[in-house]
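Input: a single structure, listed below in structure tokens.
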Amino acid sequence: MSIVFTAILALLGLAIVFGILLGFAAVRFKVEGNPIVDQIDSLLPQTQCGQCGHPGCRPYAEGIAAGEEINKCPPGGEATIQALADLLDVEAPALDAEHGEEKPKTVAVIREDECIGCTKCIQACPIDAILGSAKHMHTVIASECTGCDLCVEPCPVDCIDMVPVDNGLAAWHWDAPKPLNIIATDSASYHGAESV
Amino acid sequence: MTMQEIIPTCSVDIFDFHGGIHPEEHKTDSNQQPIRLLGLPPKLILPLKQHIGAASKLHVEVGQKVLKGQKLADADGPFSVALHAPTSGSVVAIDDQLIAHPSGQTDCCISLIPDGEDKWCELHPCEDYQQLSASEIQTKVSEAGIAGMGGAGFPTAIKLAPSNLTNIDTLILNAAECEPYITADDRLLQERAGDVVAGLDILIQVLGVHQCLIGIEDNKPEAIQALRKALAGKNIRLCVMPTKYPSGGEKQLIKLLTNKEVPSGRIPADIGIVCQNVATVAAIYRAVRFGEPLISRVTTLTGEQIAERGNVEVLLGTPIDWMLKQVNYQSAKVERLIMGGPMMGFTLLHSDVPVVKTTNCILAPGPKELPLAPPAQACIRCGLCADACPAELLPQQLYWFSRAEEYEKAEHHNLFDCIECGACSYVCPSAIPLVQYYRHSKGMIKQQRENQLKSDQARERFEARQQRLERELAEKAAKRKQRAEAAAKAQAAKLAEAEKEPNPAVNSVPKAVIQEAIDRVSAKQTLAAEKVDLAELKLAWDKAQAKLDKMFDALDDAKANNPEQVDKLKRAVEKNQMRVNQAKTAWQKAEKEQLSQESALSQTNSAEIAQASVAKGKEKPDLAALALALEKAQSKLVKMEDALAQAADDQKEKLTRAVDKNKVRVEAAKETLEEAKQQANIDSRDQADGGKS
Numbered sequence: 000m001s002i003v004f005t006a007i008l009a010l011l012g013l014a015i016v017f018g019i020l021l022g023f024a025a026v027r028f029k030v031e032g033n034p035i036v037d038q039i040d041s042l043l044p045q046t047q048c049g050q051c052g053h054p055g056c057r058p059y060a061e062g063i064a065a066g067e068e069i070n071k072c073p074p075g076g077e078a079t080i081q082a083l084a085d086l087l088d089v090e091a092p093a094l095d096a097e098h099g100e101e102k103p104k105t106v107a108v109i110r111e112d113e114c115i116g117c118t119k120c121i122q123a124c125p126i127d128a129i130l131g132s133a134k135h136m137h138t139v140i141a142s143e144c145t146g147c148d149l150c151v152e153p154c155p156v157d158c159i160d161m162v163p164v165d166n167g168l169a170a171w172h173w174d175a176p177k178p179l180n181i182i183a184t185d186s187a188s189y190h191g192a193e194s195v
Numbered sequence: 000m001t002m003q004e005i006i007p008t009c010s011v012d013i014f015d016f017h018g019g020i021h022p023e024e025h026k027t028d029s030n031q032q033p034i035r036l037l038g039l040p041p042k043l044i045l046p047l048k049q050h051i052g053a054a055s056k057l058h059v060e061v062g063q064k065v066l067k068g069q070k071l072a073d074a075d076g077p078f079s080v081a082l083h084a085p086t087s088g089s090v091v092a093i094d095d096q097l098i099a100h101p102s103g104q105t106d107c108c109i110s111l112i113p114d115g116e117d118k119w120c121e122l123h124p125c126e127d128y129q130q131l132s133a134s135e136i137q138t139k140v141s142e143a144g145i146a147g148m149g150g151a152g153f154p155t156a157i158k159l160a161p162s163n164l165t166n167i168d169t170l171i172l173n174a175a176e177c178e179p180y181i182t183a184d185d186r187l188l189q190e191r192a193g194d195v196v197a198g199l200d201i202l203i204q205v206l207g208v209h210q211c212l213i214g215i216e217d218n219k220p221e222a223i224q225a226l227r228k229a230l231a232g233k234n235i236r237l238c239v240m241p242t243k244y245p246s247g248g249e250k251q252l253i254k255l256l257t258n259k260e261v262p263s264g265r266i267p268a269d270i271g272i273v274c275q276n277v278a279t280v281a282a283i284y285r286a287v288r289f290g291e292p293l294i295s296r297v298t299t300l301t302g303e304q305i306a307e308r309g310n311v312e313v314l315l316g317t318p319i320d321w322m323l324k325q326v327n328y329q330s331a332k333v334e335r336l337i338m339g340g341p342m343m344g345f346t347l348l349h350s351d352v353p354v355v356k357t358t359n360c361i362l363a364p365g366p367k368e369l370p371l372a373p374p375a376q377a378c379i380r381c382g383l384c385a386d387a388c389p390a391e392l393l394p395q396q397l398y399w400f401s402r403a404e405e406y407e408k409a410e411h412h413n414l415f416d417c418i419e420c421g422a423c424s425y426v427c428p429s430a431i432p433l434v435q436y437y438r439h440s441k442g443m444i445k446q447q448r449e450n451q452l453k454s455d456q457a458r459e460r461f462e463a464r465q466q467r468l469e470r471e472l473a474e475k476a477a478k479r480k481q482r483a484e485a486a487a488k489a490q491a492a493k494l495a496e497a498e499k500e501p502n503p504a505v506n507s508v509p510k511a512v513i514q515e516a517i518d519r520v521s522a523k524q525t526l527a528a529e530k531v532d533l534a535e536l537k538l539a540w541d542k543a544q545a546k547l548d549k550m551f552d553a554l555d556d557a558k559a560n561n562p563e564q565v566d567k568l569k570r571a572v573e574k575n576q577m578r579v580n581q582a583k584t585a586w587q588k589a590e591k592e593q594l595s596q597e598s599a600l601s602q603t604n605s606a607e608i609a610q611a612s613v614a615k616g617k618e619k620p621d622l623a624a625l626a627l628a629l630e631k632a633q634s635k636l637v638k639m640e641d642a643l644a645q646a647a648d649d650q651k652e653k654l655t656r657a658v659d660k661n662k663v664r665v666e667a668a669k670e671t672l673e674e675a676k677q678q679a680n681i682d683s684r685d686q687a688d689g690g691k692s
């Protein structure tokens, strides 16, 4: 009988010790907020364009954390979807065309002689990348512009263009080699080599 | 073996690095003839960026005449070098031109048309340069626009900057020139070993090192001989290494000569070593001793398509097609020009690009000499690439990761330690363009890093903006609250004052004025009383009745939906009922009076009519004044609305209130005017009636 009691007491003792430990850990190492949201947010392109239907990247990150689809971000494109799929350990779906297509990076440019200085684009810019004041010409800080095109629609005189980014030589890098052809004679470069 | 019999290797041990290959050398194609001077080309094109780092800052204008050696562009920050005119002439254009770059893109260049005089600007030679301080020499090197001439184009002055000189104990002269075909350094050493050694002396002095090594491959016996002669009596060790590609790689050379390894992601200076290229050291000597800036360089022109292979001293900016014409270049059926060597060079997409500070070789291979790579086949996992890799990487793993675009994994496998020497591609039996994969992956990773940086920046800005908007809202709310409180206080104070003094306003206005006003009002009242109008009274009654009806509706509504309001409404209805009754009785009374007046009016004499017309005349200016007031009020309102449209956010609220007030005023003015007009109409009708009667 005493053996049974000893066992129960021992288990009880262990339970108390571990309970206290766990309770302490729960208080001491409590994580504020949802860390997965931060991780998702860091993968999103931060254009703050709202094409996903959320007012910014962080709200979409919160949406994804709550179980939303990960293919609603056209500026991020396939790369972002892949990164999100890797992070969340899910299959990477194709980009949802409903929210737009993946386009080359653009930057907003104000045709400055047409600008009437209405400040509407300044209010629309989610990252304060447009400079100017009432009745004075506005201009876009190109290095800060994310190309979200939110400023285009409010402009009453349509003087904002979205121009593809061209960083010239600084942004150039080598192309990927052409995929290899298993059958040599199918390859275009093989014919090229022959003719040389 | 015969080579080693002729040239005894130096006493120091030569170590070995991992991997490496032995491609055909082709050195004798071009190292047998002395360096030729190529003349003045018809035009020089000088890119502003011929080095690693920031582009040089323009110092000249279009149309300006410049002398040989005159500065065309300044160094823009420490990570940049200056640019000088290679000959005298005039600047004809500063615009985007094709440059020697694997992308075949354009960049900003200065175009210079030589005047043929080749007249030097004033130079500052220094005979006793041994007396110069380290910083003086560094300034001279920086002013001379010298960048690493071995191919990388690293600004040389940075390597000599005092802040980077702590712990430097070894200087290595890289004379390996391991890449096949290229013999520019070989030839330079054969002919100008004295310059090179003098340059080394300067560097030893600046760096304060106690060990100086020269690493040279044993396939350059003449250069070794020349060096030996020049080194006589100097404390510089000549280390002859067995020929193996890529022994000229900086990290490989350091391993060969000192058996030290440069840690991943670090530079040789971190382990106390500075490496310099042969041509760079010679240029440093010319800059310090003679004050000559870097305006020309020795370049190897070789390959089967070139008849007169050899080395030429060529002005920077010389178009390559012009240069090739001078050495009897026969364009092949498929023209293919390579800048640099066959291992690490790149194919030029245009032959009219200029020679720059890093152009050590132009290779024009024949079709059989350097055939295009056969089509790539599948990797058979033979592992030859890993054996050949001088950086001790796993090229095969890197290949898989690069192909699958798993850049993160490639980075973990030290992709960025790859020196892109091409040894792996050279040995690959499947002819896979491995280096091309690595270059692409490196580019993608760099781009991703930049994107990440940019998106972090955007996030920061977005969050800052959100905070600002919230703060502004809170500030606005606080202000509104403050204002409401202030208004309430003022109201209370006013009420209290009003209680204390029954009529404070009267006291403050002169009595005469008040009396006058009272007189005016009473006069008006008497006038109005004379013309109490039936129609007006009827209107008032109708209005009151309509209001009452509305109130009844509201009451019903309130009964159904809002029981709290019912009491209030009931009281209001009662009041209104009273008003309606009053209006009704007033009207009835007036009607009776009118009837009696009509009979009286028929007997009114002409004097009375005159009197009435006088009264009317008095009224008329009133009407005009009212119209004017209305106009004024309206124009003010318009102005205010304009102001509101332009106002900043914080002013908007104020202005909106002001506009509302003004609107009320305008309405009031309109009403008064309408009333006055009606009155006037009635008057005139009365008059007409009077006239008729």
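Top line first, the protein sequences correspond to chains A and B.
Under numbering that gives the first Met the number 0, the first residue of the first sequence carries the number 0, and numbering increases by one thereafter.
Under numbering that gives the first Met the number 0, the first residue of the second sequence carries the number 0, and numbering increases by one thereafter.
We put the CB at the ideal spot given by N, CA and C, even for glycine.
For residue i, which option in the options has the closest C-alpha, if you only look at C-alpha atoms?
i                : options                                : result
Leu547 (chain B) : B:Pro389, B:Glu573, B:Asp566           : B:Glu573
Gly290 (chain B) : B:Thr138, B:Leu538, B:Gln481           : B:Thr138
His439 (chain B) : B:Ile431, B:Arg402, B:Gln466           : B:Arg402
Asp555 (chain B) : B:Ala543, B:Ala545, B:Leu568, B:Ser89  : B:Leu568
Glu462 (chain B) : A:Glu113, A:Asp88, A:Gly99, A:Ala128   : A:Ala128
Gly70 (chain A)  : A:Glu97, A:Thr46, A:Ile2               : In the sequence under discussion, the amino acid at residue 70 (chain A) is Asn, which differs from the Gly named in the question. When each option's Cα is compared against that of Asn70 (chain A), the closest is A:Glu97.
Glu368 (chain B) : B:Glu24, B:Glu449, B:Leu314, B:Glu216  : B:Glu24
Lys588 (chain B) : B:Leu536, B:Leu293, B:Phe551, B:Thr105 : B:Leu536
Gln633 (chain B) : B:Lys662, B:Ile93, B:Asp641, B:Arg656  : B:Lys662
Ile39 (chain A)  : A:Leu86, A:Ala14, A:Lys134, A:Ile19    : A:Leu86
Gln189 (chain B) : B:Asn218, B:Asp114, B:Met338           : B:Asn218
Gly99 (chain A)  : A:Asp148, A:Thr5, A:Ala169             : A:Asp148
Taking Cβ-Cβ distances shorter than 8 angstroms, what residues in chain B pair up with residue i?
i                : result
Glu143 (chain A) : Gln456, Ala457, Arg460
Going along chain A in order, which residues have a C-beta closer than 8 angstroms to the C-beta of residue i?
i                : result
Met443 (chain B) : His172
Pro432 (chain B) : Pro176
Arg380 (chain B) : Residues of chain A passing the Cβ test: none, with the nearest at roughly 15 angstroms.
Mind pulling the chain B residues with CB within less than 9 angstroms of residue i?
i                : result
Asp148 (chain A) : Result: empty, since nearest Cβ-Cβ is about 14 angstroms, beyond 9 angstroms.
Thr46 (chain A)  : Ser454, Ala457
Leu168 (chain A) : Lys48, Ile98, His100, Ser102, Gln104, Thr105, Asp106
Gly55 (chain A)  : Phe461, Gln465
According to DSSP, which residues form a beta bridge with residue i?
i                : result
His83 (chain B)  : B:Lys70
Pro353 (chain B) : B:Pro318
Glu216 (chain B) : B:Met240
Leu57 (chain B)  : B:Ala72
Asn276 (chain B) : B:Asn173
Specify, as a first and last residue, the run of the beta strand (DSSP E) that residue i falls within.
i                : result
Gln446 (chain B) : Not the beta strand (DSSP E): Gln446 (chain B) falls in the alpha helix (DSSP H), residues 433-499.
Gln45 (chain A)  : Premise fails: Gln45 (chain A) is in no beta strand (DSSP E) and is neither H nor E.
Leu170 (chain B) : 169-174
Val90 (chain B)  : 88-97
Thr105 (chain B) : 105-113
Asp160 (chain A) : 159-163
For the ligand FAD, any of its heavy atoms closer than 7 angstroms to the Cβ of residue i?
i                : result
Arg458 (chain B) : You won't find the ligand FAD in this model; it holds no ligand whatsoever.
Report the neighbours of residue i on chain A: residues whose CB is nearer than 7 angstroms to its CB, in chain order.
i                : result
Tyr406 (chain B) : Those within 7 angstroms of Tyr406 (chain B) in chain A number zero; the least Cβ separation is about 10 angstroms.
Arg438 (chain B) : Trp173
Gln435 (chain B) : Trp173, Pro176
List, in chain order, every chain A residue whose beta-carbon is nearer than 9 angstroms to that of residue i.
i                : result
Gln446 (chain B) : Ala170, His172
His209 (chain B) : Ordered by position in chain A, no residue passes the 9 angstroms Cβ test against His209 (chain B), which lies about 41 angstroms from the chain.
Name the two residues that bound the continuous alpha helix (DSSP H) containing residue i.
i                : result
Gly204 (chain A) : Nothing can be reported for residue 204 (chain A), as the shown portion of chain A is limited to 0 through 195.
Thr298 (chain B) : First-last for Thr298 (chain B): 295-301, but that is the beta strand (DSSP E), not the alpha helix (DSSP H).
Val195 (chain B) : 183-206
Ile418 (chain B) : Segment: none, Ile418 (chain B) is in no alpha helix (DSSP H) and carries neither H nor E.
When Cβ atoms are compared, which residues of the stretch 125-136 of chain A fall closer than 9 angstroms to chain B? Listed by position, the residues of the stretch 125-136 of chain A near chain B (Cβ gap below 9 angstroms) are Pro125, Ile126, Asp127, Ala128, Ser132, Ala133, Lys134.
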